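Structure, as structure tokens:
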Ligand code: ADP
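In this note's numbering, the protein residues as written are 125 to 808.
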């Protein structure tokens, strides 16, 4: 009861406050009903009934709610008063039947949680089912009404089925058209000029296809071909254009087909039979294509959502990599004074116990630096920023340069490391730094994952056109089910804390570096506790013919090794500068410090150093500006960059500014001494 009261209140509000919509919808309904009732009676189309008011009524209900029953009822009743000659009761029954049908349609749709978005398959399927089922309400009510009034002039089943068929046809054509296009300004009509052009061309094709199918006698001769022409054009609309345009195409087809039957009458059959055939054919085509377009639209929007999600993931992946790169870089910088201090302490300490502690701290700090280096490399790899600096290097030289990094550790754990090199040395055209990194990573893992006193073997051979580097250990081995994941990032197979001192990125990095060289890496293990073998294959490629040495930094004649004695250290980090100064003094250099670029220029004139170790990131006057100013002085010593940035672009920038060498922080004293003595620049 209260529901009816609420509804009546709503209706009063609708008429009083929204009079414009109320009048417009009533008039619209009235006009359309008048036109099609007139056609029905004037052309005597029964049993075919072209009856758009059914589709219009459901669309009005979906958009305006239950209160729309009133304009539907009034519009239809008024139209029947004008056009039809039946009794008032019959007209009332028919009008009430259509209003009730629209109410029933909306009710069922709401029961199934229908959303006004026919672009979704679920909504479209609900709509199609409702269109098939609910359209029997009005025929039932109006046929029963006419029977009661005794005004039914045809067989009841004919009255029922012609109105039902008309209702289905009308709902399949008119309702989607309104729902897709209302409101008119929702979304754009076309994406761009090309899209507009395509819509125009497709419409022309459709007009032509409809003309052949519904206005000419062609289908009687080549019926099959013509029947396929229309669906082909509709497929074009459904696949390429917005569903709105498919609704437009379906409606255009319905209009053209009905008009063709009336005006051109291409077939010999009576008009009513032609119209009935059109109702069935076009109605079926409409239903199939609306379901099809919903599938296409759903796929399209799923793809758009997927692309959006992909973009978000990519952006967050990018910022994660940038974050890792910045973090690793920022963490590396403070390690510089820590390593220098430890080296200083080590060289000054005579107490073996304390020395052992310093040694162990130094070892851990160096390991931390290595992990940070690996993290930086991973971030660069993900950003495709790692560039190989290939040069010719012999396998023996590469191995000999890699071994010192692991020998001491092996000795301290009590492992024996056996190295087997080919009798005949051979050259590789590779990035020596990266190949050494691969060898060191594999050897370090072998040391780490082998119990004390184990045996580690490194074999290097030439097999065909490949260099094969194999590291075998007698360690904890790898279980067969885990072996496939071993090269994935952040995968750590073991749980024992004794072995878990890494991040699980070493092997991933090793694989990536191998692949960058065009090679591959494999692992074999007979299972847990039975040792492992890692094999790296690097293709031997011929270096391009060039006589220009790419990586070597030219050294001025007066900047050679042994003369370097007086060193100026320039760094705004006071602690780092002071510790390095002490360390260099211990190594018998005469060292001085400057804490800014300006101070460095002033001291350089009086102190006249043989080499300047110059930090790049400094406030006011950075390393590049300082180097340029130093090079403008009548002084020609070495300038070596000490920087947290070590990308090839950073190195070439420092070279341009007048630096002779570029060391990446944190650097150990050995590396600095090597740079000062010129060894670094000729060997690496
Ligand atoms: P990390 O050593 O830092 O954990 P890696 O990527 O180098 O990372 O190795 C990944 C995992 O592979 C290790 O955690 C370890 O479980 C396993 N692994 C690597 N090398 C060996 C080896 N020589 N023997 C046994 N297991 C190994």
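Each residue gets a CB set at the ideal place from its N, CA and C atoms; glycine is no exception.
None of these values were measured; they are calculated from a predicted model.
For residue 542, the uninterrupted beta strand (DSSP E) run begins and ends at 540-544, by DSSP.
Between residue 357 and residue 317, the CB-CB gap reaches or exceeds 8 Å. Measuring C-alpha to C-alpha distances from residue 247 to each of 418, 731, 455 and 726 identifies 418 as the nearest. Three or more beta-carbon pairs drawn from the segment 623-643 and the segment 492-507 are found closer than 8 Å, and the two stretches are therefore classed as touching. By the neighbour-count criterion, in which 16 or more other beta carbons inside 10 Å mark a residue as buried, residue 584 falls on the buried side. Going by DSSP, residue 746 is part of no alpha helix (DSSP H) at all; its letter is neither H nor E. Proximity of the segment 183-199 to the segment 144-151 meets the contact definition, three or more beta-carbon pairs being nearer than 8 Å. Note on residue 279: under 16 other CB atoms within 10 angstroms of its CB, so exposed under the neighbour-count rule. In the structure shown, residue 276 falls within a coil segment according to DSSP collapsed to helix, strand and coil. By the Cβ-count criterion, residue 705 is buried, with 16 or more other Cβ atoms from all chains shown falling within 10 Å of its own Cβ.
Judged by DSSP secondary structure, residue 646 falls within the beta strand (DSSP E) whose first and last residues are 644-649. The shortest C-alpha to C-alpha distance from residue 580 to any of 628, 700, 403 and 571 is the one to 571. Nearest neighbour of residue 576 by Cα position, chosen from 551, 539 and 753, turns out to be 539.
Excluding the 5 residues flanking it on each side, residue 596 has same chain C-beta neighbours closer than 6 Å at 581 and 657, in chain order. By the neighbour-count criterion, in which 16 or more other beta carbons inside 10 Å mark a residue as buried, residue 754 falls on the buried side.
Between the C-alpha atoms of residue 216 and residue 282 there is a straight-line separation of about 20 Å.
Rounded to the nearest angstrom, the Cβ distance from residue 578 to residue 601 is 11 Å, too far for a contact under 8 Å. Per the DSSP secondary-structure output, residue 398 pairs with nothing in a beta bridge.
The beta carbon of residue 600 sits closer than 7 Å to at least one heavy atom of the ligand ADP. When secondary structure is reduced to three states using DSSP, residue 663 falls in the strand class.
Residues 362 of the same chain have their beta carbon placed closer than 6 Å to that of residue 416, with the five preceding and five following residues left out of the count. In the three-state reduction of the DSSP assignment, residue 636 falls in the helix class.
Less than 8 Å separates the beta-carbon of residue 411 from that of residue 252. If you ignore the 5 residues before and after residue 566, its C-beta comes within less than 6 Å of the C-beta of 595 and 658, all in its own chain and listed in chain order.
If you keep only unbroken beta strand (DSSP E) runs of at least 3 residues inside the segment 450-520, you get 515-518. Remark: C-beta atoms of residue 390 and residue 298 do not approach each other more closely than 8 Å. Residue 526 and residue 564 do touch by the CB rule: their CB atoms are close to 5 Å apart, below 8 Å. The segment 513-528 and the segment 542-553 touch, with no fewer than 3 CB-CB distances between them shorter than 8 Å. Excluding five sequence positions before and after residue 652, the CB atoms of its chain that fall closer than 6 Å to its own CB belong to 601 and 603, given in chain order. DSSP, reduced to helix, strand and coil, places residue 209 outside both helices and strands of the structure shown, so it counts as coil. Straight-line measurement puts the Cα of residue 378 at about 29 Å from the Cα of residue 277.
Put simply, of 305, 588, 712 and 723 the residue whose alpha carbon is nearest the alpha carbon of residue 664 is 588.
Taking the C-beta atoms as reference points, residue 460 is found nearer than 8 Å to residue 700.
With a threshold of 7 Å, the Cβ atom of residue 570 counts as near the ligand ADP, since some heavy atom of the ligand is closer than that. When distances are taken from the beta-carbon of residue 642 to the heavy atoms of the ligand ADP, even the shortest one reaches 7 Å or more. Using a Cβ-Cβ distance cut-off of 8 Å, the segment 130-138 and the segment 180-192 are in contact, since at least three pairs of beta carbons, one from each stretch, lie closer than that value.
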